[in-house]
Amino acid sequence: MNHKKLCIVMVGLPARGKSTIACRLRESLETENFKVEIFNNGEVRRRILPENTASADFFSPDNLEGVRLREWIARQNLQSARQFLDQGGCIAILDATNISRERRDTIRRDMEQVPVLFIECVNDDEELLTTSITHKTKISEFGHMSLPEAIRNFKDRIQFYASRYEPLDRESNYVVLNSLQNRVVREKTTDNIPHYPRIRDILVSDMIQNLYLIRHGETFFNQERRIGGDSPLTEKGVDQAGLLGEHFRTTRIPFIFTSKKRRTIQMAQPIIAAQAECTHVALREFDEIRSGICDSLTYDEIRERHPEIHVARSMDKYHYIYPGGEGYVTLQSRIQLGIKKALYLSGRAEHIVIIGHQAVNRMILSYFLYRRLEDVPYIFIPQDRYFHIVSTQTKKLFELKRF
Ligand code: F6P
């Protein structure tokens, strides 16, 4: 095995997914027996500075003591990384904002002969940032603040960093990564960067440890074979939700994603109630296919009132678009965005749940498991079973399980 040394330096504003990516790199590279360690400035700060450093003032460029302390922490981690590499370590990852060229030049110089690869995480989705910040502010360093206070402080912190931000450009080796889409925006490798093909591949891959993909239980609309709408669960549906909560009682589920519709949110309630700590995120990307002028009609009513729609849809269900609504073909991009958002927000969570709808779950399944397009709209999506999906670089698993 080639154990050439490398230093990876994360770059980016707070809450851009840097630590998640650093961990993803470590986990994947470790499975190939590389010795990898992450040096995270935030962790050192929280450990060694007993006073409150969560408030935004600490990060103000005008707070000279704050600047001095943060630079000191960065130097400590740089030294530890050097030591790790000198003592047999293979890949050191410096996980911090590293937004100034000066800081990056210092790292480059101190690493001497060890090649340095900068990875800049960018992502400006406002809604996602707010959700991500809300989640971050639940950690203990914000424990003494109210939620709005914590969010305000975190957003001010980001602004302080943004005011001094110098994007990557003159560095010799870098990747700019859209950390929501897992997409390389720009890249440059002037030197010979060891393990680069492997690292690049990890950066663009979705990693799912355990995803439980569930469809909501029975609704009143389901009973009548009525499509769309925002119907609640029937008594049977409520029972199904209860069984689901019971089923997952002993699994730690830190994140649960639903659509904005009542039926998926209702289905999620018993799971959330049985968990000590579970963040619920309702994404409109997971709302059911919009059936336009057919919304709230039964399949029989569609056949009677709009026979042309019935015929056209039967002929090519995947590409058919409801007048004033959507088709599977147009659903694809929003479902993919929903998946990316869920993965981004849940970061390194070992178990996550998505509760979706019939068409939505078909699209989510086909994202992970290849199906011919014409077969996607017919994938069997029961209401008393769920799909357990694992998708990492070394393992792919699909299992239909009963609850
Ligand atoms: O019938 C339930 C439902 O979720 C509808 O709201 C939706 O229009 C439909 O399933 C999607 O399934 P299909 O594409 O097979 O009509």
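247 is the number that the working numbering gives to position 182 of the sequence shown; each next residue is one higher, with no gaps.
For every residue, glycine included, the Cβ atom is placed at its ideal position computed from N, Cα and C.
Every value quoted in this text rests on a predicted model; they were computed, and no experiment measured them.
Can you check which of these residues, the options, is closest to residue i by C-alpha distance?
i	options	result
A306	K326, F320, M332	M332
I113	L94, F124, I103, Q141	Q141
K461	F468, A80, F452	F452
N243	G77, H209, T299	G77
D304	Q423, R251, Y432, T284	T284
Q397	R355, V418, G412, I367	R355
E92	R413, R436, H345, A424	R413
R265	L194, L309, F183, Q224	F183
S165	M210, M75, D190, R317	M75
D352	Y385, E97, S296	S296
L245	Q178, V418, A80, I417	A80
L194	I86, P180, I216, E177	I216
S84	E95, L94, E108, N98	E108
V250	V187, H200, R290, I204	V187
E342	I318, R368, S211, Q334	I318
N98	F124, G154, D127, S125	G154
Would you grab the beta carbon distance between residue i and residue j for me? Rounded to a whole angstrom, and I think it's under 8 Å.
i	j	result
N238	D221	With a Cβ gap of about 33 Å, N238 and D221 do not count as contacting.
E439	Y364	19 Å between Cβ atoms; not a contact.
T329	H281	5 Å
T323	I420	5 Å
Determine which residues share a DSSP beta bridge with residue i and list them.
i	result
F104	L159
M75	I184
S398	Answer by DSSP bridge pairing: none, since S398 is not bridged.
K253	Y239
H453	Y277, E464
I336	Per DSSP, none; premise fails for I336.
V418	Y277, I321
V346	F322
R110	Paired residues: none, contrary to the question.
T284	L298
Are the CB atoms of residue i and residue j nearer to each other than 8 Å?
i	j	result
K70	L150	yes
V241	I156	no
I411	F320	The displayed chain sequence assigns Ser, not Ile, to residue 411. Cβ atoms of S411 and F320: closer than 8 Å.
I73	C88	no
L278	L402	no
N247	A161	no
R450	R437	no
R427	P442	yes
L8	L159	Here the chain comprises residues numbered 66 to 468, so residue 8 is not present and cannot be evaluated.
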